[in-house]
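Residue numbers (our numbering), protein chains in the order written: chain A, 1 to 324; chain B, 1001 to 1324; chain C, 2001 to 2340; chain D, 3001 to 3340.
Just so it is clear, CB atoms sit at the ideal spot from N, CA and C, and this is done for glycine as well.
Since the model is a prediction, treat every value here as computed from it, not as a measurement.
Input: a single structure, listed below in structure tokens.
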Amino acid sequence: MSNITYIEAISKGLREEMQRDESVFCLGEDIGAYGGAFKVTKGFIEEFGEERVIDTILAEAAIVGVSIGAALMGLRPVAEMQFADFISNGWNQLVNMGAKTHYRWGAAVPMVIRLPSGGGLHAGPFHSQNPEAWFFHVPGLKLVAPSTPYDAKGLIKSAVRDNNPVLYFEHKYLYRHVKGEVPDDDYTIPIGKGEIKRAGKDITLITYGSMVQFSLEAAENLTELGVEVEVLDLRSLLPFDKEMILASVRKTNRAMIVHEATLTGGIGGEISACITQDAFEYLDAPVKRVASIDTPVPYSPPLETYFMPNTEKITSALTELAEY
Amino acid sequence: MSNITYIEAISKGLREEMQRDESVFCLGEDIGAYGGAFKVTKGFIEEFGEERVIDTILAEAAIVGVSIGAALMGLRPVAEMQFADFISNGWNQLVNMGAKTHYRWGAAVPMVIRLPSGGGLHAGPFHSQNPEAWFFHVPGLKLVAPSTPYDAKGLIKSAVRDNNPVLYFEHKYLYRHVKGEVPDDDYTIPIGKGEIKRAGKDITLITYGSMVQFSLEAAENLTELGVEVEVLDLRSLLPFDKEMILASVRKTNRAMIVHEATLTGGIGGEISACITQDAFEYLDAPVKRVASIDTPVPYSPPLETYFMPNTEKITSALTELAEY
Amino acid sequence: MAESTAAKKNITNRKPKVLKRKLSKKQLTELYYYMILNRALDDRISSLYKQGKFHGGAFVSRGQEATSVGSAYALEKGDVIGPMIRNSGAVLVRGVPPHEFLANYLGKKTGPTHGKDGNSHFGDLKRNIFAPVSMLGVLIPVCAGAALAFRIKKEPNVALTWIGDGGASIGDFHEGLNFAAVMKLPFVLILENNGYAYSTPTSKQSLVEDFVVRAQGYGIPGEIVDGNDVLAVYDVTKRAVERARKGEGPTLIEAKTFRMKGHAEHDDASYVPKKTIDYWQKRDPIANYEKYLLKEKVLAKKDLAEIQSTVAKEIDAAQTFAEESPLPLAEEAEQGVYAS
Amino acid sequence: MAESTAAKKNITNRKPKVLKRKLSKKQLTELYYYMILNRALDDRISSLYKQGKFHGGAFVSRGQEATSVGSAYALEKGDVIGPMIRNSGAVLVRGVPPHEFLANYLGKKTGPTHGKDGNSHFGDLKRNIFAPVSMLGVLIPVCAGAALAFRIKKEPNVALTWIGDGGASIGDFHEGLNFAAVMKLPFVLILENNGYAYSTPTSKQSLVEDFVVRAQGYGIPGEIVDGNDVLAVYDVTKRAVERARKGEGPTLIEAKTFRMKGHAEHDDASYVPKKTIDYWQKRDPIANYEKYLLKEKVLAKKDLAEIQSTVAKEIDAAQTFAEESPLPLAEEAEQGVYAS
Ligand SMILES: Cc1ncc(C[n+]2csc(CCOP(=O)(O)OP(=O)(O)O)c2C)c(N)n1
Ligand SMILES: Cc1ncc(C[n+]2csc(CCOP(=O)(O)OP(=O)(O)O)c2C)c(N)n1
Ligand SMILES: [Mg+2]
Ligand SMILES: [Mg+2]
């Protein structure tokens, strides 16, 4: 066990996978000697050499495409986007080639794309996006979004070992803001399985990534009202753990979804629709959603604070839901 | 009034806009002398000349980017994607530059992208997609999807006159499969307003594009059971007509959404979530969704038929909902 | 134009050269066989399309058989190819039987995609063939990725793909070729300059007549070849592949050829001037190769006829197989989205 | 390398040339003023960053002032520019006052984006300035689009944008430049080859030393210029702009320069060899231009000092303005997604 940050956990998990399996390699902009914009791959080039830690040209379509080609030949590339936002340049490669290949002709594409995402750091419209919902509508991809150092290590390992293109959303705010106990041994977290972060009988709060911590704080706030909120951390977004959600909602009869991505078209809509569809008779109140407002991510602190969910906003939405 | 096809209506509307306003011009692959892959711009180059009907190089990022630049300078470009699927190559330009410019620095980007979309023609995974849900999660874009010749003409005009990037989803199956009365005069259809295609008191069916016709047929089938289905055609997807939906659901107490795009992450999730949120007390049954299954669009006819919604599937979902 | 002249200094003259390497009679015969097979398959595809037997569009490569066959023939078994829509000839050279094409066109369960995709949109990993996607250019970075995998795995193989004069305008061309260049990957890109991209003439796609000039911008060798001369194509590809195998990095080859039919079977190509067609008709790659084979006495007329009739029988059998094959079951649409 | 030699035949020698056009004293002085303004603004940005006054990152362009200022100075008012993160100098030349930068960095309501975006990510349509987005390369097609608009509207203007040695690897570079070339648009692209893209040296970005070689691949003229010589940059840009205005199409200019600081203020650039920095330190664009001005007796030492102190006051005032400006109201976050 070590007490390490979220970013250290990613780094550790990835390093262990590279040690375990020769077919794993990393590529991306400035990931070699520089160790990556956030230093996730710091020391990797020294340990694994230039052939397995590749500084690429500045070209995300190429990075994604090259990863697909290498994956088709049996390697397991782990590509870093310098910021999640830049995956937009590799969009076509990913959704048309990466995601559809196995369905079309049965060839597996075992690759990972690491996506440093999210706001809260005043990094403006192009270094703060949470683009997961776009990919959520792309059959053939898998999406994971760890919220703790423990999950970060376990999920990067599962992502690397999965035989499909996995998008690994790592939240920049969490990088150095959360620390936790992480086993030094090998372990994985199954893709598709969520976790009950806090048990409760009154409201089910479904969330992931950066919003888990705020949601847990808000859940604590609700105890003052005698309301016990069950907080579910999805961990995987595609596929997501529908059984866990439904079981909880059938118990609590109230549900709320929280995500940092903008509201309209966010994955909260899908989850709400699934709950209404499959647990309608159990619902005592409308399914609520808390998300960022429908705008680009603004830069200036008061604007960004207004834009994003936080503990306060989640608390007041929970209060409304409890009082419904 | 003329009785014309859906594709003729698009063509007519666009031609009238070019006649009306010198700042409107068209660009795209093979749209000039060839008249476009589907012949929407047939005869345009003869009428408006090479400077306003531009055959471009084969490069969608450039087509979208050039359109943005021309729009910033006050022109009104109408870009054709040869198939909607190819917008994936222009994704970055559109979502990062096109959609966010007005929010960031107040500059309007009045442009239209025409997207021949949809399946049912055995055109396989790359010539059949319905990509609207991706863009639905991009604040700053507007999305329209006409289902009739009348709307096709009215909406292309509104799209051209709008001061924002508007994605105009034109369904290839409808091109020559539907005909209707279309005024020869100028008229527009307001973006953001849907239409009640069929009044009913028992179930609200919300749909758009290619699924409107099938939904109307299914609604007819339900009369045998004494069930009156109200069919709403969204026409605009972003923004969508929430008021129309809620007013109808508050009356019928039952709602179903039908779209040809795949289920998970489709815009049906958002609509369902909005209904549950704002009309929860009125609901007598879970909100149902009928959509394509979560796979790429398969080519072979039995597979594609299985993949897509049709009158039969909609009818049986309506029956289930009526019987709930 | 200045750039054209400058360019020509650095590129092989496009006149077909005397073959630099001696091919055996068997090899020369195989090249002929595959070109005939390519054309016969295409002709069958055209006629099935006209009979309304297909569901979607149909794409053939009449006039470009030498480019596909000659280049693929220069590869070894372990090498990867990423064929585009005009490269059925290359896929045939790799050993995919014609019935797989026809079964795929007909959406049959027995096709390589089991009905999931159509026409020649299929791959075959055991033969090291990557399936194309429609989005042009995608295979350039992807095949560069295969080349990278070879290097990482220390396998002496090469990856090769093709692109059109139209597809060369896509950003992926630039990104993929530069990626391969900078990393000196064992990669070969063949640009088939066939005069048109759908209805768009090459002059509207590029100001430079010789796309190969772009190789200079990536610091890699560029070679122009007569794409209708199968031996020249074989030869230039072989040299590029050998360079790649030796670790000397990628090559861009421009094959000058012509698309003798419309973009797809529904396109009558009425936008192509008749004199252009006549010009290229005289340069038919198969007719020219036949002349060579006869002149050099590699094969006699009756040998050619025999090959043609073998091929005809193969295509008939392929059609029978494809037509008699079952369609997939509807529910199979749900299968295979994810690898397990 | 062969391609380099071939290339050099077609490109201007990179040695600064004797200025082809006579600039007035006023003009020569303005060039100096803007370079000083650029550097002083940058220095203030660095120090405010170090004081923790900014919310996000900070980007400066020390060492590249001549490229931004010289090129923008060659334009007319109606021309469009699409500045990148190193082109604050160009934005200053267009008349944007320094306080707009600082207010924008501080996320203030009075900044040109009203707090919506940060740093120099802003545009100004009344000055024909397009805001960059972070995604490199995007402005190339976009500015080509402005150039297309000029042509359609029959306005005699030109659009100009910049790209880095890193950004030049992005597909949009290829698509946008080829689009402009094929359509002969009034467009100029300046590639600032400053040795690095973040930590990545140019040698890992491209095998060719001279990016301008790529111009040949698009059939357009390419020119290399000493990016640290403001007059040479002005001159080469002026010629390109005149060509563009005459309808002769786009030009690719490669400015050889150096990024004298890290990628952003948080990056200490320890990956840059000291001798490289020393080499370029001696070629500081401002020091060199001062030498020229003094030698040619355009300005005296006291004139320079006076300009410097005017600029210092301007920057002080700008800082005061920016710091005293209010932040936007939180609810303003909701406004402006759509144009009405
Ligand atoms: C990115 C992209 N945009 C548009 C298309 C539609 N399209 C298919 S083939 C084609 C023309 C291709 O021309 P070229 O690359 O020269 O190949 P050729 O057909 O001549 O072999 C077009 C425009 C596409 N497939 N991909
Ligand atoms: C498409 C894209 N990918 C990655 C980045 C992250 N990034 C920002 S600047 C930079 C380096 C840019 O180098 P260069 O183009 O040479 O410009 P310079 O900073 O030297 O002026 C990188 C990798 C980006 N902005 N856009
Ligand atoms: Mg072609
Ligand atoms: Mg640079």
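Any non-hydrogen atom of ligand 1 within 8 Å of residue i CB
i: Leu1058/B; result: yes
i: Arg2086/C; result: yes
i: Met2260/C; result: no
i: Phe1083/B; result: yes
i: Asp2165/C; result: yes
i: Ala2197/C; result: yes
Nearest-angstrom Cα separation, counted from residue j out to residue i
i: Ala2269/C; j: Thr2067/C; result: 21 Å
i: Ile271/A; j: Ile87/A; result: 24 Å
i: Gly1226/B; j: Lys1201/B; result: 11 Å
i: Met81/A; j: Val178/A; result: 22 Å
i: Ile245/A; j: Ile1293/B; result: 21 Å
i: Asn3288/D; j: Lys3238/D; result: 21 Å
i: Glu1008/B; j: Val1040/B; result: 7 Å
i: Pro1077/B; j: Gly1069/B; result: 10 Å
i: Thr3005/D; j: Ala2215/C; result: Reliability fails at Thr3005/D, whose pLDDT of 41 lies under 50, so the model's placement of it is uncertain and the value that follows must be treated cautiously. Each residue's Cα considered, the two are about 14 Å apart.
i: Pro2326/C; j: Glu16/A; result: 48 Å
i: Asn1003/B; j: Thr1101/B; result: 40 Å
i: Arg235/A; j: Ala108/A; result: 23 Å
i: Glu3331/D; j: Tyr306/A; result: 7 Å
i: Arg114/A; j: Ile63/A; result: 12 Å
Option in the options with minimal Cα separation from residue i
i: Pro1239/B; options: Ala1009/B, Phe1136/B, Val1024/B and Val1290/B; result: Phe1136/B
i: Pro3112/D; options: Pro3328/D, Glu3334/D, Tyr3338/D and Ala3339/D; result: Pro3328/D
i: Val1258/B; options: Val1066/B, Thr1252/B, Ile1245/B and Lys1288/B; result: Lys1288/B
i: Leu75/A; options: Val66/A, Asn3/A, Gln82/A and Met81/A; result: Val66/A
i: Glu2100/C; options: Ile2085/C, Ile2081/C, Asn2087/C and Ser2120/C; result: Ser2120/C
i: Pro1110/B; options: Arg1161/B, Ala1322/B and Gly1180/B; result: Arg1161/B
i: Lys251/A; options: Thr305/A, Tyr173/A, Asn221/A and Ile203/A; result: Ile203/A
i: Gln93/A; options: Gly1154/B, Gly1028/B and Phe1126/B; result: Phe1126/B
i: Ala1317/B; options: Val1138/B, Phe1044/B, Ala1285/B and Ala1145/B; result: Ala1285/B
i: Val212/A; options: Glu47/A, Glu46/A, Ala291/A and Asp30/A; result: Ala291/A
Residue i: CB within 8 Å of a non-hydrogen atom of ligand 2
i: Gly1028/B; result: no
i: Ile1087/B; result: no
i: Leu3136/D; result: yes
i: His3263/D; result: yes
Closer than 8 Å: residue i CB and nearest ligand 4 heavy atom
i: Thr295/A; result: no
i: Asp3124/D; result: no
i: Glu3209/D; result: no
i: Asn3228/D; result: no
Distance cut-off 8 Å: residue i Cβ against heavy atoms of ligand 6
i: Asn2178/C; result: Because ligand 6 does not appear in the structure shown, any question about it cannot be addressed here, the ligands present being ligand 1, ligand 2, ligand 3 and ligand 4.
9 Å Cβ cutoff, residue i in contact with chain G
i: Thr2113/C; result: You won't find chain G in this structure, because its protein chains are A, B, C and D.
Task: Within 8 Å of chain D by C-beta, residues of the segment 1105–1125 of chain B in sequence order - done: So the list reads Trp1105, Gly1106, Ala1107, Ala1108, Val1109 and Pro1110, given in the order they occur along the chain.
TODO: Using a Cβ-Cβ cut-off of less than 9 Å, list which residues of the segment 2268–2293 of chain C approach chain B; keep chain order.
DONE: Tyr2271
Open item on the list: At a CB distance below 8 Å, what residues from the segment 3139–3173 of chain D approach chain C? Give them in sequence order.
Closed with: Ser3169, Ile3170, Gly3171, Asp3172 and Phe3173
TODO: Output, in sequence order along the chain, the residues in the segment 273–307 of chain A whose CB is closer than 8 Å to any CB in chain D.
DONE: Ile293, Asp294, Thr295, Pro296, Pro298, Tyr299, Ser300, Pro301, Pro302, Leu303, Glu304, Thr305, Tyr306 and Phe307
Task: Proximal residues, the segment 2076–2087 of chain C versus chain A, C-beta separation under 9 Å - done: Val2080 and Gly2082
TODO: Please name the residues in the segment 3174–3205 of chain D whose beta-carbon is closer than 7 Å to at least one beta-carbon of chain A, in chain order.
DONE: Ala3197, Tyr3198, Ser3199, Thr3200, Lys3204 and Gln3205
TODO: Please list the residues of the segment 1246–1272 of chain B that have a C-beta atom closer than 9 Å to any C-beta atom in chain A, keeping them in chain order.
DONE: Ile1257, Ala1261, Thr1262, Leu1263, Thr1264, Gly1265, Gly1266, Ile1267, Gly1268, Gly1269, Glu1270, Ile1271 and Ser1272
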